[in-house]
Each structure stands twice: as C-alpha cells, then as structure tokens.
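Beneath this line is the structure, given in structure tokens, with notes to follow.
Numbering (full-length UniProt numbering), first residue to last: 1 to 276.
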C-alpha cells in the first residue's frame, strides 16, 4: 500500500444525500480517509441559505475528525445554474451562486472550487454560449484570486454540455482565460465518454491537472469501482507513473448507493490502494 496515495484519496458525500453530513464524516474518518471533497447541496450544505454560523459549524465538524478539504463542489448540474445561459437573470444568478461558493470554500479553508462552464442549446451553434461562459469564468477567476481559491474547471459529457467535453476543449478555454486561478480536473467518466485516456490530460495539462474524479461506468454512470466496465486500475497506474500528485476523489451518483453509501466507498478505497 502506498501511504502517499492513501493520503491523497478523498471521500465525497454526493451519494450520502439521504443521510446526514455527520454520518458521512464519521464514515470517511472510520474508513481511513484524510481528505474529503465536499458536495454542497441539500441537505448537507445549501449555498442558497448557508449562514456564516453554519459554515463555521461545518468547518469544525470536519476538523474534529482530522479531515481536510480537498475540493469544494457546489451542486451545479441539477439546480437552475448555468454560467453560459442567454437569459440575463439566470446568468446573473449563476454567477452570484458561484461567488457565494467561493466565499464558502474560503470560509471552510478549502483552496479549490469545482466549476463547470454550463451549456448552450443542443440545436444551436455553441459559439455564443462559449463566449458567455468564458466571460463569466473570467470574472469568476478574478473573484477567486481575491479569495485565494483556485477554480478547477471540469469537462462534462455530451449529454450534459456542448461546451467543454474533451481535454482539447478544456485546454482551449483555459488558454482563452489565461488565468493562474484556473486549473484542470479529470473526470474518468467524461474522459472515457469522449474516447480519451489519462495520457491526453497529462500531455495537455501537466502540473495544471490538480484533481481526479474516480468513477466506473459504461462508460458513463458515475458507478462505484467494479460496477462498470472501465479499466480504472490501468487509469490510476498511468496517472501515478506519470507523476500525478493531486488528489483522487470517489464520485458515485447511482441510486443503487443511496441507502448503503458506505459499502461502495469502502470497497473503492480498498480496490484503488490494491491496484496501486
């Protein structure tokens, strides 16, 4: 077992949403995790109504279990949030939402915030939506610099977005933003759905690749390790051999895990350490 790798594994609470945040944190600590990726969504932490007191309480809960935050991930694929929206009200609300997320991350002493570019209409050229997303992300990067937080920009699958779905599109957006506050995150489902491998991300981003979402799939689905058909052990071996030093978090969303969230998390951690 690689102690270095073990310290870089992060539990994620998104599949714990039918359970309390306390239950998730207790499980993460008991399973030997040192890091967590905190999904900010109801009922654990809603950015729409989280107070300074609630943020302080969550920070204390995390610290009390000797855990630290790897990444702060506000819900943004289900709620009416879209940075690329053509609707002024939606665009403004989306920007304000991520600005609150930046403040939340800083309040929790977390220096990385996951963000996606949003989406444009599937039956229209993506160019206008791309420009809106770029402008919003650029303004958000300026806010991130003031908060001391790095934006981790994540590609989505084609069913989720028509803007950033490949490593090439991610590299293009990062080049246009030209901000030191923006880095790359690799989601193994989105990568596989685009027909890519870790080598594509490593070649394009190098040290700017800061985080990896580990999830099995067919190729999508965000399944637990072994519940899909992806060669996860091979992916991890490629990343480690190339010198990747960032964290890995386990992102599972299937309803199969909602009532027993601990078992897939425990199994995935063990499988990953064995594979390494």
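By construction, the Cβ of each residue, glycine as well, lies at the ideal position given by its N, Cα and C atoms.
Which one of 73, 147, 126 and 257 has the shortest CA to CA distance from residue 39? 73
Please report the straight-line C-alpha distance between residue 217 and residue 37, rounded to a whole angstrom. 20 Å
Note down the Cα distance separating residue 201 from residue 239, rounded to an integer number of angstroms. 10 Å
Check whether the Cβ atoms of residue 59 and residue 109 lie closer than 8 Å to each other. yes
For residue 11, is the classification buried or exposed, using 16 other Cβ atoms within 10 angstroms of its Cβ as the cut-off for buried? buried
Check whether the region 130-148 and the region 192-201 touch, using three or more Cβ-Cβ pairs below 8 Å as the test. no
Comparing alpha-carbon positions, which option in 31, 156 and 24 lies nearest residue 45? 24
Taking the beta strand (DSSP E) that residue 112 falls in, what are its first and last residues? Element bounds for residue 112: 112-115.
Could you pull out every residue in the same chain whose Cβ sits closer than 8 Å to the Cβ of residue 137, ignoring the five residues on either side in sequence? 83, 115, 117, 151, 153, 173, 177 and 182
Local Cβ density within 10 Å of residue 112, reported as buried at 16 or more and exposed below that: buried
Verify whether the separation of the beta carbon atoms of residue 165 and residue 190 is less than 8 Å. yes
Taking the alpha carbon of residue 48 as the reference point, which residue from 101, 71 and 66 has its own alpha carbon closest? 101
Could you tell me the alpha carbon to alpha carbon distance between residue 157 and residue 64, rounded to whole angstroms? 37 Å
Who are the Cβ neighbours of residue 271 in its own chain at under 8 Å, not counting the five residues just before and after it? 225, 226, 232 and 233
Residue 54 to residue 103, Cα distance in whole Å? 13 Å
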